[in-house]
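Residue numbers (my numbering), protein chains in the order written: chain P, -12 to 100; chain Z, 45 to 159.
One structure is given below, encoded as structure tokens.
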Amino acid sequence: DTAVSQTPKYLVTQMGNDKSIKCEQNLGHDTMYWYKQDSKKFLKIMFSYNNKELIINETVPNRFSPKSPDKAHLNLHINSLELGDSAVYFCASSHSPGGDEQYFGPGTRLTVT
Amino acid sequence: KQEVTQIPAALSVPEGENLVLNCSFTDSAIYNLQWFRQDPGKGLTSLLLIQSSQREQTSGRLNASLDKSSGRSTLYIAASQPGDSATYLCAVTADRGSTLGRLYFGRGTQLTVWP
């Protein structure tokens, strides 16, 4: 059984479009995260939710809006996509936000043309 | 601001060698340190997690050490195998105020083990 899953795995779209990436975890964790890995493979946190509440919001353009309908799901919606948004987006989860081990999904490769 | 550096950026070794990957971080106020493995086109797999109060952790052929005061960690891989080829990422969890829980990543060491 997949612990942290993301859909879609690949996403190719044009500049200006709006797209969403979905994440689900079946580990019973309270905390979920979105990370962005750029073309140089550098991973950086974007958002974190704990029990459906936003607790980490890094310096991310407000075109990016996370939504957590319940503890097991954390979706990422991106408006007005730009070329620079091309990256691999990883979802992760942990038992709590206090530094517990984080489990990562397989990633979504977003390509904006 | 926490910065994590990994050396070397790439490493290519023959099968059977013991090897050491290095990680350093600028702010010693960490909660823990994790080593991850990333295979091409795949997600991250957690290998070892060392709490700030611990000195080392072992899992099979992997041993990770932590010297919090000097801001260093090493990942030791014994008797390397071609299946160990991957990118190894070091990440520290912040332990101060509003930054608690944030993972700060290094840029990784790309390891190739050839038969």
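By construction, the Cβ of each residue, glycine as well, lies at the ideal position given by its N, Cα and C atoms.
Residues sharing a beta bridge with residue i, DSSP
| i | result |
| --- | --- |
| P:V47 | P:V47 pairs with nothing; no bridge assigned. |
| P:T(-6) | P:K9 |
| P:P53 | P:L63 |
| P:Y76 | P:K23, P:T95 |
| Z:A54 | Z:Q154 |
| P:N37 | P:T18, P:E40 |
| Z:L63 | Z:I121 |
| P:S81 | P:T18 |
| Z:T49 | Z:S68 |
| P:E69 | Paired residue(s): none; P:E69 is not in a bridge. |
| Z:E100 | Z:S109 |
| Z:S114 | None; Z:S114 has no bridge partner. |
| Z:F80 | Z:S90, Z:L133 |
| Z:A73 | DSSP output for Z:A73 lists no bridge partner at all. |
Of the residues the options, the one placed nearest residue i, counting alpha carbons only
| i | options | result |
| --- | --- | --- |
| Z:L65 | Z:P159, Z:W158, Z:A122 | Z:A122 |
| P:K37 | P:K23, P:H64, P:P56, P:K28 | Inspection of the sequence shows that residue 37 of chain P is occupied by Asn rather than by Lys. The residue with the shortest Cα to Cα distance from P:N37 is P:P56. |
| P:C78 | P:G15, P:L41, P:P84, P:I8 | P:I8 |
| Z:T118 | Z:A54, Z:L63, Z:P58 | Z:L63 |
| Z:Q95 | P:P93, P:D87, P:G94 | P:D87 |
| Z:L152 | P:P93, P:L61, P:I43, P:K31 | A small correction: the amino acid at residue 152 of chain Z is Gly; Leu does not occupy that position in the sequence shown. Looking at the Cα atoms, P:K31 is the closest of the given residues. |
| P:P110 | P:N62, P:H60, P:M33 | Outside the shown range of chain P, which is -12 to 100, sits residue 110 of chain P, and nothing can be said about it. |
| P:K39 | P:G92, P:G71, P:T(-11), P:E11 | P:E11 |
| Z:G115 | Z:C67, Z:W158, Z:R105 | Z:C67 |
| Z:G145 | P:K28, P:K58, P:E45, P:F29 | P:E45 |
| P:N4 | P:K58, P:N66, P:P(-5) | P:N66 |
| Z:G150 | P:T(-6), P:Q24, P:V75, P:K54 | P:Q24 |
Chain-order list of residues whose beta-carbon lies under 8 Å from that of residue i (same chain, five-residue window excluded)
| i | result |
| --- | --- |
| P:T0 | K6, L68, L97, T98, V99, T100 |
| P:S73 | S26, L97, T98, V99 |
| Z:S113 | S72 |
Buried or exposed (CB count within 10 angstroms, at least 16 for buried), residue i
| i | result |
| --- | --- |
| Z:S97 | exposed |
| Z:D83 | exposed |
| Z:V127 | It should be pointed out that residue 127 of chain Z corresponds to Gly in this sequence rather than to Val. Per the 10 Å Cβ criterion, exposed. |
| P:M19 | buried |
| Z:I166 | Nothing can be reported for residue 166 of chain Z: it is not among the residues displayed for chain Z, which extend from 45 to 159. |
| P:L63 | buried |
| Z:R99 | exposed |
| P:G92 | buried |
| Z:G104 | exposed |
| P:W21 | buried |
| Z:R81 | buried |
| Z:W79 | buried |
Sequence-distant residues of its chain with Cβ nearer than 7 Å to residue i (five each side left out)
| i | result |
| --- | --- |
| P:Y(-3) | R96 |
| Z:Q46 | F69, T70, D71, V136, A138, Y148 |
| P:I42 | S35, Y36, P84 |
| Z:G60 | A123, S124 |
| P:L70 | M2, V99 |
| P:A(-10) | Q12, N13, L14, Y90 |
| P:S52 | H64 |
| P:K58 | D17, N38, K39 |
Partner residues on chain C for residue i, Cβ-Cβ distance less than 8 Å
| i | result |
| --- | --- |
| Z:N66 | Of the protein chains in the structure, P and Z, none is chain C. |
Contacts around residue i, its chain only, beta-carbon distance under 6 Å, and the 5 residues preceding and following it disregarded
| i | result |
| --- | --- |
| P:H82 | H16 |
| Z:T156 | S56, S129 |
Proximity test, residue i beta-carbon vs the ligand ADP heavy atom, cut-off 7 Å
| i | result |
| --- | --- |
| Z:Q154 | The model on display carries no ligand, and the ligand ADP is accordingly not part of it. |
Original post:
Counting pairs of beta carbons, one from the stretch 74 to 90 of chain Z and one from the stretch 122 to 138 of chain Z, are three or more of them closer than 8 Å?
Top reply: Segments in contact, yes.
Subject >> Validate contact between the stretch 69 to 82 of chain Z and the stretch 53 to 60 of chain Z using beta carbons, cut 8 Å, 3 pairs >> reply: Counting Cβ pairs under 8 Å, fewer than three are found: no touch.
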